[in-house]
Amino acid sequence: MLTQLTNNKKVQRKELLAKRRALTLIQKNEYSAVITKKLVELEEYKNSQICFLYASMPDEFQTKELIVNALKAGKQICLPYITDKNMKIMQATLIKSLDELVVGAYNILTVKEKNLRIVKPQDIDFILVPAVGLDKKGYRLGMGGGYYDRYLVKAINAKKIAAVYDCQVVDEVIKDDYDIKVDMILTENTTIKYR
Ligand SMILES: Nc1nc2c(c(=O)[nH]1)N(C=O)[C@@H](CNc1ccc(C(=O)N[C@@H](CCC(=O)O)C(=O)O)cc1)CN2
Ligand SMILES: Nc1ncnc2c1ncn2[C@@H]1O[C@H](COP(=O)(O)OP(=O)(O)OP(=O)(O)O)[C@@H](O)[C@H]1O
17 MLTQLTNNKK VQRKELLAKR RALTLIQKNE YSAVITKKLV ELEEYKNSQI
67 CFLYASMPDE FQTKELIVNA LKAGKQICLP YITDKNMKIM QATLIKSLDE
117 LVVGAYNILT VKEKNLRIVK PQDIDFILVP AVGLDKKGYR LGMGGGYYDR
167 YLVKAINAKK IAAVYDCQVV DEVIKDDYDI KVDMILTENT TIKYR
């Protein structure tokens, strides 16, 4: 049976997904370009060595340009690799080039199994955290798997940064005890830093 909290989260997730989906492709591209520029100029990003990014889904902040930039800059770049879809566990795996990517779980680009190079969560110093919604305190609502909630507790040395469109930042997201706050929110219009 669903708890009231889970149910409310589902409702809020649906609303926020709809808001994001309502952006036009032109808006998404334009905002993503602005956000990418802000990200690459960030001290936390510039100083990072092992970055855990993600390959974006169609309505998310578009990360491709950022990944290309990071690879060119000689950073070590990891992407999520789902090791257990039932238990909702993912790991971070290094990528050397976009050529290594194939369509994986949930239709998201990931690394081919033969190219897996898993990095320890505590070795990561920068995590770009995907989000469906964020509130002004830095709490996030994700896709609902709990993949990032489980991962972030292990990534004790990483700056956690969420890059989302402005319409995804709301007054309050519904949260659970295990939800972990991000250290910074970046949108096409604002930068909010908590730590
Ligand atoms: N780009 C990106 N990668 C990511 C995440 C993310 O939010 N964004 N994740 C963040 O946790 C993990 C994947 N989590 C996901 C959880 C649910 C769905 C989803 O769309 N579920 C569909 C069913 C799709 C299917 O089963 O194939 C649904 O609920 O309708 C997608 C990703 C790891 N990789
Ligand atoms: N640290 C954790 N340890 C164990 N279970 C967890 C943890 N975090 C979340 N969960 C479980 O995972 C499920 C999904 O959680 P939630 O709806 O908060 O995911 P989300 O943050 O939206 O998704 P994601 O992190 O994948 O983007 C819930 O059933 C929750 O109980």
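If you read the sequence shown in our numbering, its first letter stands for residue 17, the second for the next number, and so on. For every residue, glycine included, the Cβ atom is placed at its ideal position computed from N, Cα and C.
**Prompt:** Within 10 angstroms of its Cβ, does Lys175 collect 16 or more other Cβ (buried), or is it exposed?
**Reply:** Taking the sequence shown and counting its residues from 1, the one referred to as residue 175 is at position 159. Lys175 is buried by the Cβ-count criterion.
**Residues that Val56 bridges to, as DSSP identifies them** = On the sequence shown, residue 56 is found 40 positions in, with the first residue counted as 1. None; Val56 has no bridge partner.
**Exposure of Thr99, with buried meaning 16 or more beta-carbon neighbours within 10 Å** = Counting from one through the sequence shown, the residue named residue 99 turns up at place 83. Its Cβ having fewer than 16 others within 10 Å, Thr99 is exposed.
**Asked** Would you call Tyr41 buried or exposed, if buried means 16 or more other Cβ atoms sit within 10 Å of its Cβ?
**Response** Here the question's residue 41 lines up with position 25 in the sequence shown. One point to set straight first is that residue 41 is Leu, not Tyr, in the sequence displayed. Counting Cβ neighbours within 10 Å, Leu41 comes out exposed, since fewer than 16 surround it.
**Prompt:** Which partner residues of Gln92 appear in the DSSP bridge assignment?
**Reply:** Numbered from its first residue, the sequence shown carries residue 92 at position 76. Gln92 pairs with Ile66.
**Item:** Residue of Gln65, Glu57 and Val180 minimising C-alpha distance to Lys44
**Value:** Translated into positions along the sequence shown, residue 44 becomes position 28. The shortest Cα separation from Lys44 among Gln65, Glu57 and Val180 belongs to Val180.
**Asked** Are Asn85 and Ile190 close, meaning C-beta to C-beta below 9 Å?
**Response** For the purposes of this step, residue 85 is identified with residue 69 of the sequence shown, where counting begins at 1. For the purposes of this step, residue 190 is identified with residue 174 of the sequence shown, where counting begins at 1. No.
**Message:** Give the residues whose C-beta lies closer than 5 Å to at least one heavy atom of ligand 2, in chain order.
**Reply:** Gly158, Met159, Gly160, Gly161, Gly162, Tyr163, Tyr164, Asp165, Arg166 and Tyr194
**Request:** Check the DSSP bridge columns for Leu144 and list the partner residues they point to.
**Result:** By one-based count along the sequence shown, residue 144 stands at place 128. Per DSSP, Ile177.
**Prompt:** Who pairs with Gly160 in a beta bridge, going by DSSP?
**Reply:** Position 144 of the sequence shown, counting from 1, holds the residue named residue 160. In the DSSP output, where bridge partners are listed per residue, Gly160 has none listed.
**Request:** Count the CB pairs spanning the region 119 to 131 and the region 67 to 80 that are closer than 8 Å, and state whether there are at least three.
**Result:** yes
**Request:** Starting from the C-beta of Val127, find all residues in its chain whose C-beta is less than 7 Å away, skip the five residues before and the five after it, and write them out in chain order.
**Result:** Locating residue 127 in the sequence shown gives position 111, where the first residue counts as 1. Taken in chain order, the residues that qualify are Leu95, Tyr97, Thr109, Ile111, Glu116 and Leu117.
**Message:** Between which residues of its own chain and Glu76 is the CB-CB distance below 7 Å, once the five residues before and five after are set aside?
**Reply:** Your numbering for residue 76 matches position 60 in the sequence shown. Answer for Glu76: Pro146, listed in chain order.
**Prompt:** Taking C-alpha atoms, which residue in Asp165, Ile172, Asp193 and Thr206 lies nearest to Val185?
**Reply:** Position 169 of the sequence shown, counted from the start, is the residue given in the question as residue 185. Of the candidates Asp165, Ile172, Asp193 and Thr206, the one whose C-alpha sits nearest the C-alpha of Val185 is Thr206.
**Item:** Straight-line gap, Ile201 to Val135 (C-alpha atoms, nearest Å)
**Value:** Counting from one through the sequence shown, the residue named residue 201 turns up at place 185. Counting from one through the sequence shown, the residue named residue 135 turns up at place 119. In a straight line, the C-alpha of Ile201 is about 25 Å away from that of Val135.
**Request:** Look at the alpha carbon of Val148 and the alpha carbon of Ile83, and state the distance between them as a whole number of angstroms.
**Result:** The residue given as residue 148 occupies position 132 in the sequence shown. The residue given as residue 83 occupies position 67 in the sequence shown. Using only the alpha carbons, I get a separation of about 20 Å.
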